[in-house]
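Chemist: First the structure, then my questions, so here it is.
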Amino acid sequence: MIISSGMKVFVTGASGRIGKVVVKKLASSGYRVKSFDRAEPEQTLPDVEYANGDINDFNFLLGHMKGADAVVHLAALPSPDRGTSQEIFRINVLGTFNVFRTAVENGVKKIVQASSINALGSAYGIKKFNVSYFPIDEEHPSSITDPYSLSKKMDEDIADYFWRRESLSSFSLRFPGVMDTATFQFRHMDKDLIMRAIAELEETGVEERMKQIDEVFNDMDSVIQGWKQGKISEMKDPVLQMKMIKARIILWARKNFWTYLDYNDSALSVLKSLQADVKGSHPLFVNSDNYGTDIDTMRLVKVFFPEVKEFKREIKGTEPAVSIDKAVKMIGFKPEFNIRKF
């Protein structure tokens with residue numbers, strides 16, 4: 016069903032970094048918006064209704080959702096360092112079930128929820144994640160060994176359950192790292208240094224290169240201390256500077272496969288999901304349509320994932336290693352902001 020301008024949208028997690036941009040986008044697009052969050056909003060908009068509450072307070076949530084045509088569910092702990100395993104499950108999983116259940120009780124027609132690229136299990140697991148093929152798409156198998164990634168995959172399972180049981184349609188948007196592309200740190204790093212870092216890794220034998228990559232994750236305390244010494248572009252010690260550049264590229268590779276998403280495009284993906292005339296429960300990768308430097312994606316893949324031999328299609332130039340083809344086809348999503356435009 017299409018959720019069109021003038022209809023009422025209930026937004027959980029509305030005071031968060033993505034939530035406040037989504038609320039503004041929906042309000043400016045003619046929707047009647049109700050903001051729901053435990054935290055007070057930094058600023059209020061004149062045509063938006065505001066309420067404070069917890070998604071785990073079922074009856075309170077049920078009452079405040081009354082009259083909504085659609086729900087945008089963004090309330091969650093956004094990373095594994097924000098709480099214990101039990102807290103992650105209580106908020107991310109039980110909270111999501113409550114949102115879907117109260118949506119059914121209130122006759123809501125569609126839910127758009129924030130999932131994560133980590134529904135794959137690639138970033139935070141205690142076991143190595145094996146990439147089966149590139150570009151990664153929604154059919155790629157998950158291999159999860161951490162509570163946060165499991166919570167996001169279970170959110171998608173909850174969406175599937177409510178589609179099968181109640182015919183409640185939904186989109187689960189697999190966001191990567193969401194940021195302000197105008198201030199993203201890679202923009203302010205010398206591109207020649209980035210190119211040199213990649214070239215040095217290329218010239219290193221595969222076994223030694225993989226060892227260096229593993230060392231970044233095995234010595235995160237050292238990496239974090241290095242970053243605390245200041246902006247990478249301003250570091251005076253060339254050895255430390257190169258180490259930090261390599262660490263940044265390696266971490267970006269492991270966590271997001273070099274993808275990113277601007278806050279404004281995260282809001283655009285929500286809007287497009289509401290407006291799409293599509294039934295069912297659908298996870299969608301929504302991320303940038305390019306990589307942020309002038310390095311071809313295939314070159315990066317060969318450096319960091321030399322074991323991967325299967326390619327579903329050719330990746331041209333700086334196209335992403337995570338495909339957004341399904342989002343383009345299903346909801347008409349086309350990112351408007353990217354690092355390369357600045």
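When the letters of the sequence shown are read in order and numbered with the numbering used here, they come out as residues 16 to 357.
In this text, a Cβ means the ideal position worked out from N, Cα and C, and glycines have one as well.
Does the beta-carbon of aspartate 195 have 16 or more other beta-carbons within 10 angstroms, so that it is buried, or is it exposed?
Modeler: Flag for aspartate 195 reads exposed.
Chemist: For serine 19, tell me which candidate among Gly192, Ser158, Ala90, Lys125 has the shortest Cα-Cα distance.
Modeler: Nearest of Gly192, Ser158, Ala90, Lys125 to serine 19, Cα basis: Lys125.
Chemist: For the beta strand (DSSP E) that tyrosine 65 lies in, which residues bound it at each end?
Modeler: 63-67 is the extent of the beta strand (DSSP E) around tyrosine 65.
Chemist: For lysine 167, tell me which candidate among Val119, Ala66, Leu286, Ala90 has the shortest Cα-Cα distance.
Modeler: Checked all of Val119, Ala66, Leu286, Ala90; the closest Cα to lysine 167 is Ala90.
Chemist: How big is the Cα-Cα spacing for phenylalanine 144 and valine 127?
Modeler: Approximately 28 Å between the Cα atoms of the pair.
Chemist: Pull up the distance between the alpha-carbon of glutamate 222 and that of glutamate 171, whole angstroms please.
Modeler: Cα to Cα, glutamate 222 sits roughly 37 Å from glutamate 171.
Chemist: By DSSP, does phenylalanine 112 sit in helix, in strand, or in coil?
Modeler: The answer is helix: DSSP assigns phenylalanine 112 an H, G or I state.
Chemist: By Cβ distance, which residues of its chain are closer than 8 Å to valine 323, with the 5 residues on each side in sequence left out?
Modeler: Counting only Cβ-Cβ distances below 8 Å, and skipping sequence neighbours, we find Val146, Ser147, Tyr148, Phe149, Val316.
Chemist: Assuming isoleucine 265 contacts isoleucine 213 under a Cβ cut-off of 8 Å, what Cβ separation, rounded to an integer in Å, is found between them?
Modeler: About 11 Å separates the two Cβ atoms, so there is no contact after all.
Chemist: Who are lysine 143's beta bridge partners in DSSP?
Modeler: In the DSSP output, where bridge partners are listed per residue, lysine 143 has none listed.
Chemist: Any contact between the region 19-29 and the region 40-58? By contact I mean 3 or more CB pairs, one from each, below 8 Å.
Modeler: Verdict: yes, contact present.
Chemist: Could you say which of Glu57, Glu351, Thr312, Phe348 lies nearest to isoleucine 360 if we only look at CA atoms?
Modeler: In the structure displayed, the chain extends from 16 to 357; residue 360 sits before or after that span and is not available.
Chemist: Relative to the alpha-carbon of alanine 262, which residue among Ala29, Asn74, Ser157, Lys226 has its alpha-carbon at the smallest distance?
Modeler: Nearest C-alpha to alanine 262: Lys226.
Chemist: What do you get for phenylalanine 186, buried or exposed, if any count of 16 or more other CB atoms within 10 angstroms of its CB means buried?
Modeler: By the neighbour-count rule (16 or more Cβ atoms within 10 Å), phenylalanine 186 is buried.
Chemist: With a CB to CB cut of under 7 Å and the five nearest residues on each side skipped, what residues in its chain are close to phenylalanine 25?
Modeler: Same-chain partners within the cutoff: Lys49, Phe51, Met80, Ala83, Val86.
Chemist: Tell me whether the beta-carbon of valine 193 lies closer than 8 Å to the beta-carbon of isoleucine 354.
Modeler: No, the pair does not count as a contact, with Cβ atoms beyond the cut-off.
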